[in-house]
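K.L.:
The structure follows.
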Amino acid sequence: MSYFRHPLIFLLPFYIIGLLLGGTWPEERNYFLLFFLLLSLLSLIVVKKVQHFSFLRYLLGISIIAGGALYQSYFFIPPKNPSHIVNYIDKKVNLKGKIISVTPFSDKAALILTNLQLLQGKQEGKIKGKIAITVYHPSKSYHKGNIIKVRGKVKTICSFGNPGIYDYARLWHGKGVWARMWLQDKNILILDYEKPGLWPYLLETIREKIRRFLAKHLSQPAQGVYQTLLLGEKASLLPFIKDDFIFTGTSHLLAISGLHLGMVMVLSFTLFWYLLSRSEYLLLKFELKKIAVLISLIPTFFYASLAHFSPATARSFVMILLFWWLYFSRRLKDTWVFLATAAWLLLLLHPPMIYQISFQLSFLALASILYFTPRLPGGTYWLSLKSGSFKQKCIRYLLLSLYVSIGAWLGTLPIILHYFAGVSFIAPVVNLLAIPWMGFVILPLGLLSIFTLFFSPSVSAFFLHLGEEALNPLLCFLHKIATIPGIFTWCITPNWVEVLAIYIFLFAVFYPQKGKKYMFVAIFCFFLLDISSQFYKHSQKKLTVSFLDVGGGTSVLLRFPHGKTMLIGGGGSHFSNYDPGRFVVAKTLWAQKLWRLDYLVLPTPHYSYLNGLTFITQHFHPQFLWTNGVRVNDAHYWHLFYLCQKRGISIKTPKTQEIDGVKVKVLYPKKTKALSLKDSLIIKCHYKEVSFLFPFYTQVKTLEKLTSFLKTDVLLSPNYGSKAVNSPHFIQKIKARYVVFAGRIPTREVVKNYVNSGSKVFFTGKDGMINFVTNGYDLKVKTHH
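Position one of the sequence shown corresponds to residue 0 (numbering that gives the first Met the number 0), numbered consecutively onward.
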């Protein structure tokens with residue numbers, strides 16, 4: 000492995016470490032600057048006096064760590080400008096701005112505004128920065144260049160603050176977006192349209208024509224898939240189709256990246272090379288390969304532009320340019336060096352790219368293919384075989400294709416488990432069939448349809464229908480595979496220590512040199528350390544109550560002293576189809592090393608508790624579901640009860656009982672007749688001398704009847720901090736040591752009254768997941784943020 004001594008390869012890990020440090024602690028940039036200057040000065044002094052090359056390399060590497068951290072920190076320092084939009088966070092404002100980005104979804108539209116102006120009486124004026132706006136169930140059509148007026152509360156951009164949840168806020172900050180709004184159509188007024196430049200205007204016109212053409216000539220699900228493949232827009236992609244691709248390990252086919260651009264490049268190059276090489280004059284006069292490549296870059300660039308030049312698309316196009324430049328300059332001597340050069344180039348152009356999942360997966364996939372393929376059984380032989388019979392060539396193609404798929408799967412598996420908590424065991428085999436069918440048949444027919452649309456719509460429709468005929472069998476095949484039991488499973492989420500341990504294990508298994516036993520000792524130590532820490536965490540005789548950050552809803556996890564678990568509520572939203580159970584609560588549970596629950600509690604069938612419980616019921620095998628007995632005509636509600644009946648889950652209105660030494664007292668309701676949504680379960684948990692009270696969603700008169708039972712140490716503020724329920728009288732009676740506000744932040748008056756009564760307040764939207772741990776006497780609290 001002498002190629003790892005190449006400076007571009009050797010120094011790349013140092014630079015990556017620096018970028019990660021700078022993104023994690025951007026406020027320490029002054030220290031990064033100091034270390035960078037000192038180390039650079041030391042390097043200049045030492046280089047003349049020390050002849051030991053290895054020492055100089057490591058010194059340079061450490062200097063690059065400091066330099067990378069300094070460079071990255073500038074992207075993540077919050078803006079200090081007094082006229083920046085961040086100074087209006089948590090304020091209701093009227094803004095005017097220009098739309099520079101529109102991303103449609105099935106139930107919402109995501110906009111980015113720039114050229115902001117404040118329309119606030121005497122405070123009118125220009126505002127610096129950008130703001131992201133989410134419009135739920137839009138009835139209007141928004142386009143780039145629209146000048147709009149919006150009214151709403153400016154909020155900070157933050158991710159769900161739970162362990163195991165990807166930090167999307169960091170991506171927004173890397174793009175220079177630090178604030179956002181959630182709005183409905185009625186809060187947005189389209190004022191004008193500012194025509195963009197010729198090229199953006201031309202692209203949007205072509206996209207709109209393609210959208211209409213696809214909608215006219217294709218039915219679902221083919222329309223959604225082709226709109227994703229040709230335009231990079233997933234708004235029309237049916238959810239079950241997306242899941243089929245996920246469960247079969249082929250979801251990368253829906254992201255326009257290296258595979259798609261490479262296919263366009265190959266097809267274009269083949270076509271232009273064939274046409275140009277027909278001329279003997281051109282063959283003798285010019286280097287036709289270079290000319291064919293240059294011409295082929297035009298349709299490739301056009302396709303990437305149609306796909307909105309997403310980060311994955313832009314990265315792939317840059318890598319194609321780099322590949323051909325190195326190839327024709329005769330510098331493409333080693334694939335590892337090419338990969339390192341591409342990583343250096345992209346991370347120097349935009350350091351926050353290191354946090355993009357697609358960036359991590361694409362480079363890990365390529366590196367894994369290079370590392371694992373020759374080391375799989377017979378890999379070296381088949382790679383070196385250049386000639387042979389037709390049968391041998393077929394075997395070589397099939398075997399190497401399978402090995403490439405296995406290599407990419409192995410190399411990306413730990414990262415996929417960490418981010419997505421799921422693994423498809425059939426992925427290498429399915430990709431062996433799906434990639435060539437998608438790349439050589441379905442995608443080319445779609446591209447031919449695009450390129451002929453402006454010359455002959457009838458020919459374009461012909462190619463599109465051929466593509467649909469080719470696509471439908473693939474979708475049927477993927478759906479049948481996806482429904483086979485056991486081919487996909489959700490998993491416990493490995494933390495970064497475990498991810499590193501898995502990579503060391505894989506490296507050890509395929510390491511070509513001697514000394515494997517030392518690698519296995521290292522891997523054993525990693526697992527031993529992590530398993531022991533997890534065992535220590537879960538084996539102590541303590542009650543842990545965790546208030547999860549699920550956006551606008553409520554979800555509370557209780558871990559009892561002897562291992563039993565209870566989840567109260569799963570979160571949910573009235574405006575969005577987003578499933579917090581699947582994408583937030585489940586990932587948090589898996590990150591906490593939980594794969595089963597004993598009790599599910601639906602305090603009341605309100606969407607803010609109900610909508611996230613369906614996925615949890617399907618995948619965490621609870622034994623009991625507690626409800627208040629209220630029934631509602633809601634699809635989520637009846638689906639939940641259907642799943643409980645199908646899986647033999649006992650549904651009951653609970654009574655006071657003891658679980659693992661914790662007294663779980665059901666204060667309300669005592670009867671299930673004539674109840675409404677506002678008659679939720681009111682539960683109080685006693686563990687020795689410490690108590691927790693969960694009033695959830697209730698009425699003032701109910702709390703007044705229970706006043707003598709409500710005094711507690713930890714209180715979940717009822718009705719999301721409603722002023723009517725959280726009255727001064729109620730607050731004085733409770734006198735809780737800690738008060739947790741789940742979901743939206745309440746009025747300042749309510750918070751002030753709790754603080755004045757001596758309570759310490761927490762907010763899931765601000766503090767992230769809030770953990771209370773008690774042995775029955777002491778009470779400790781820790782927040783995720």
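Glycine is no exception: its CB is placed at the ideal position from the N, C-alpha and C atoms.
All values derive from a computational prediction rather than experimental measurement.
Answer yes or no: do residue 545 and residue 570 have a C-beta to C-beta separation smaller than 8 Å?
P.N.:
No, these two residues do not count as a Cβ contact at 8 Å.
K.L.:
Among the residues of its own chain, which have a CB less than 6 Å from the CB of residue 127, if the five just before and after it don't count?
P.N.:
Only 80, 82 and 83 meet the Cβ criterion.
K.L.:
Where do the N-terminal and C-terminal ends of the alpha helix (DSSP H) with residue 428 fall, by residue?
P.N.:
Its alpha helix (DSSP H) spans residues 426 to 436.
K.L.:
Thinking C-alpha only, which one of 434, 460, 697 and 101 is nearest residue 444?
P.N.:
For the residues 434, 460, 697 and 101, the minimum Cα distance to residue 444 belongs to 460.
K.L.:
Residues in the same chain with beta-carbon distance under 7 Å from residue 535, minus the five sequence neighbours each way, listed in chain order, please.
P.N.:
Here residue 535 scores only 48 on pLDDT, less than 50, and its place in the model is too uncertain to base an answer on.
K.L.:
To the nearest angstrom, report how far apart residue 615 and residue 496 are at their CA atoms.
P.N.:
Residue 615 and residue 496: Cα-Cα distance of roughly 27 Å.
K.L.:
Between the C-alpha atoms of residue 329 and residue 318, what's the straight-line distance to the nearest angstrom?
P.N.:
Cα-Cα distance, rounded: 16 Å.
K.L.:
Where does residue 820 sit, in a helix, a strand or coil, going by DSSP?
P.N.:
Within the shown structure, residues of the chain are numbered from 0 to 784, placing residue 820 beyond reach of any answer.
K.L.:
In chain order, what are the residue ranges of uninterrupted alpha helix (DSSP H) at least 4 long that sit wholly in the region 297 to 333?
P.N.:
Listed in chain order, the complete alpha helix (DSSP H) runs (minimum 4 residues) inside the region 297 to 333 are 310 to 327.
K.L.:
Answer with buried or exposed for residue 610, where buried requires no fewer than 16 other C-beta atoms within 10 angstroms of its C-beta.
P.N.:
So residue 610 counts as buried.
K.L.:
Span of the alpha helix (DSSP H) holding residue 752?
P.N.:
Note, residue 752: alpha helix (DSSP H), 747 to 755.
K.L.:
Going by DSSP, name the residue or residues bridged to residue 103.
P.N.:
BP columns for residue 103 point to 108.
K.L.:
Answer with buried or exposed for residue 777, where buried requires no fewer than 16 other C-beta atoms within 10 angstroms of its C-beta.
P.N.:
With fewer than 16 Cβ atoms within 10 Å of its Cβ, residue 777 is classed as exposed.
K.L.:
Is it right to say residue 684 is buried, meaning 16 or more other beta carbons lie within 10 angstroms of its own, or is it exposed?
P.N.:
By the 10 Å Cβ count, residue 684 comes out buried.
K.L.:
Indicate the three-state DSSP secondary structure (helix, strand or coil) for residue 175 in the structure shown.
P.N.:
Correct three-state label for residue 175: coil.
K.L.:
Going by DSSP in three states, residue 685 sits in which element: helix, strand or coil?
P.N.:
Looking at residue 685 - three-state DSSP - the assignment turns out to be strand.
K.L.:
So residue 812 and residue 720 are supposed to be a Cβ contact under 8 Å. How far apart are they, rounded?
P.N.:
Since the first residue of the chain shown is 0 and the last is 784, residue 812 is not available in this structure.
K.L.:
For residue 18, which three-state DSSP category applies?
P.N.:
Correct three-state label for residue 18: helix.
K.L.:
Leaving aside the five residues before and after residue 295 along the sequence, list all residues of the same chain whose C-beta is less than 7 Å from its C-beta, in chain order.
P.N.:
Hits under 7 Å: 264, 267, 268 and 271.
K.L.:
Where are the beta strand (DSSP E) runs, 3 residues long or more, that stay fully inside the region 54 to 104, in chain order?
P.N.:
As far as the region 54 to 104 is concerned, its whole beta strand (DSSP E) runs of at least 3 residues are 91 to 103.
K.L.:
Along the chain, where does the alpha helix (DSSP H) that runs through residue 272 open and close?
P.N.:
Its alpha helix (DSSP H) spans residues 257 to 275.
K.L.:
In angstroms, rounded to a whole number, what distance separates the CA positions of residue 211 and residue 130?
P.N.:
Their Cα atoms are separated by approximately 30 Å.
K.L.:
For residue 403, which residues of its own chain have a beta-carbon under 8 Å away from its beta-carbon, when the five flanking residues on both sides are left out?
P.N.:
Once the five neighbours on either side are set aside, the close Cβ partners of residue 403 are 368 and 372.
K.L.:
Tell me whether residue 569 sits in a helix, a strand or coil according to DSSP, three-state version.
P.N.:
It is coil, neither helix nor strand.
K.L.:
Under the rule that 16 or more other beta-carbon atoms within 10 Å means buried, what is residue 136, buried or exposed?
P.N.:
Result: exposed.
K.L.:
Helix, strand or coil for residue 232? Go by DSSP, reduced to three states.
P.N.:
Reduced to three states, the DSSP call for residue 232 is coil.
K.L.:
Cutting at 7 Å between CB atoms, please list the residues of its own chain near residue 282, excluding the five before and the five after it.
P.N.:
Same-chain partners within the cutoff: 276.
K.L.:
Counting pairs of Cβ atoms below 8 Å between the region 391 to 410 and the region 445 to 460, do you hit three or more?
P.N.:
Contact fails: fewer than three Cβ-Cβ distances are below 8 Å.
K.L.:
Can you say whether residue 41 is buried or exposed, counting buried as having 16 or more other CB atoms within 10 angstroms of its CB?
P.N.:
Flag for residue 41 reads exposed.
K.L.:
How is the alpha helix (DSSP H) around residue 545 delimited, first residue to last?
P.N.:
Looking at the DSSP string, residue 545 is not in any alpha helix (DSSP H); the run it does join, the beta strand (DSSP E), is 542 to 546.
K.L.:
Which same chain residues, not among the five before or five after residue 96, have their C-beta less than 8 Å away from its C-beta?
P.N.:
Within the same chain, residue 96 has close Cβ partners 112, 113, 114, 115, 116, 130, 146, 147 and 149.
K.L.:
May I ask which residues mark the beginning and end of the alpha helix (DSSP H) holding residue 28?
P.N.:
Looking at the DSSP string, the run of the alpha helix (DSSP H) that includes residue 28 is 28 to 45.
K.L.:
Measuring alpha carbon to alpha carbon, tell me which of 230, 39, 221 and 24 ends up nearest residue 209.
P.N.:
Nearest C-alpha to residue 209: 230.
K.L.:
Is the number of C-beta pairs between the region 298 to 311 and the region 247 to 256 that are closer than 8 Å three or more?
P.N.:
Flag = yes, the region 298 to 311 and the region 247 to 256 touch.
K.L.:
With DSSP run on the structure shown, which of helix, strand or coil describes residue 284?
P.N.:
Looking at residue 284 - three-state DSSP - the assignment turns out to be helix.
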